[in-house]
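Q:
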Amino acid sequence: GVLRQAFFVAGSGRPGPVVVDICKNALVGCATGQRQARPLRGYRPRASMKRLAADRLLSALRQAKRPVVLAGGGVVSAGTGQELRRFVEKYHLPIALTFMGLGAVPHDHPLCLGMPGMHGTVAANGALREADFILSIGARFDDRVAVREFGRGIGLAHVDIDATEINKAVPVDHALRANARDFLAYANGL
């Protein structure tokens with residue numbers, strides 16, 4: 015039932031905590047019998063990547079003169095640090111890592127700018143401010159990385175497994191609901 019669903023949701027898609035509110039009567043009551051597990055309705059954490067949208071995003075990335083990648087916890091959760099490193103090396107892209115994305119690419123990698131935001135590096139903040147295209151992979155646009163303060167006319171792309179995070183804080187030009195692993199494998203294979 016509800017607890018089974020909570021554990022499933024907590025470990026799927028973008029893993030994280032869930033809240034289950036159980037009324038006191040249910041906690042102190044007695045249960046008899048055994049219920050059969052039913053399949054969960056409506057939750058589909060695996061996003062099948064739309065290749066046409068990925069192609070458009072990558073085309074916009076290639077046309078940019080000052081692109082920057084912003085990678086977050088979605089890359090770490092997907093265990094795809096190697097693919098991310100190949101991707102930024104293939105396209106010669108500077109990369110900023112959110113707090114949850116630290117370690118996805120070694121901090122001493124020549125393309126790694128460090129962490130952006132108020133506690134971030136001058137290099138990461140400067141590159142994001144001067145970028146004409148920012149590709150967020152598995153990272154949320156939030157108050158820690160204030161993209162709205164960056165240059166006008168900036169192109170924004172967001173790759174995330176969680177559709178509710180895309181266009182949530184900042185409207186983007188290219189939205190792609192996909193696992194970071196699937197997107198990076200596709201981009202590296204071109």
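This note's numbering numbers the first residue of the sequence shown as 15 and each following residue consecutively. C-beta atoms are modelled at their ideal positions from N, C-alpha and C, and glycine is treated no differently.
1. Hey, F147 and A183: beta-carbon distance below 9 Å or not?
2. Go to L66, then tell me how far its beta strand (DSSP E) extends in each direction, as first and last residue.
3. By a C-beta neighbour count over all protein chains shown, 10 Å radius and 16 as the cutoff for buried, is L149 buried or exposed?
4. Per DSSP, what kind of secondary structure is L170 in: helix, strand or coil?
5. Under 8 Å, with one C-beta from each stretch per pair, do the region 108-128 and the region 174-192 reach the 3-pair mark?
6. One question on the structure: do F113 and A201 come within less than 9 Å of each other, judged by their Cβ atoms?
7. In this structure, does DSSP put L98 in helix, strand or coil?
8. Check for me: the beta strand (DSSP E) holding A40 runs from which residue to which?
9. Taking G87 and G152 to be in contact with their CB atoms under 8 Å, please state how far apart those CB atoms are, rounded to whole angstroms.
10. Determine the contact status of E97 and L125, defining contact as a CB-CB distance below 9 Å.
11. Which of helix, strand or coil does DSSP assign to F197?
12. Between the Cα of A177 and those of A137, K38, L190, spot the shortest distance and give me the residue it belongs to.
13. In the DSSP assignment, find the unbroken alpha helix (DSSP H) run with A138 in it and report its ends.
14. Any idea which residues DSSP pairs A85 with across the strands?
A: From the atom records:
1. no
2. That residue, L66, is in no beta strand (DSSP E); its alpha helix (DSSP H) goes 65-77.
3. buried
4. strand
5. no
6. no
7. helix
8. Looking at the DSSP string, A40 is not in any beta strand (DSSP E); the run it does join, the alpha helix (DSSP H), is 38-42.
9. 6 Å
10. no
11. helix
12. L190
13. 136-144
14. L111, I151
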